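Asker: Before anything else, here's the structure in question.
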């Protein structure tokens, strides 16, 4: 939103640059595949039974995560922000937010399972 702190031309130029960079990133998004994204078929998938969870213990696990994981998960799950809003708040790219949320969820799940806080069931593929 234009606030009048800079000239209108500079503000407009910044918008064009940002939109161009965003489009460039979108065009280059699928040029390579990260191996960590591709699931292996022989891994067992564990499903967490959230009905038996103890929220204070889960919150303790959340607080034990690295600061950037904790902030991202709080913004996404507790505050209810979507990826684009989180990207604007933290000045990250949308791709970085999605990756960080995914990694943070995976790490939180590992911490919860390591502490035996929640019962799990193993799903067979």
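In this note's numbering, the protein residues as written are 87 to 211. Glycine included, every Cβ here is placed at the ideal spot set by N, Cα and C. In this text, all values refer to a predicted model and were calculated from it rather than measured experimentally.
The alpha helix (DSSP H) that contains residue 187, what's its start and end?
Answerer: It spans 180-200 - the alpha helix (DSSP H) in which residue 187 sits, taken as one unbroken run.
Asker: Indicate the three-state DSSP secondary structure (helix, strand or coil) for residue 108 in the structure shown.
Answerer: Three-state DSSP puts residue 108 in a helix.
Asker: Taking the CB atoms as reference points, tell me whether residue 159 and residue 187 lie closer together than 9 Å.
Answerer: For residue 159 and residue 187, yes; Cβs fall inside 9 Å.
Asker: Which residues in the same chain have their Cβ closer than 8 Å to the Cβ of residue 153, if we skip the five residues on either side of it in sequence?
Answerer: Excluding positions up to five away in sequence, the list is empty.
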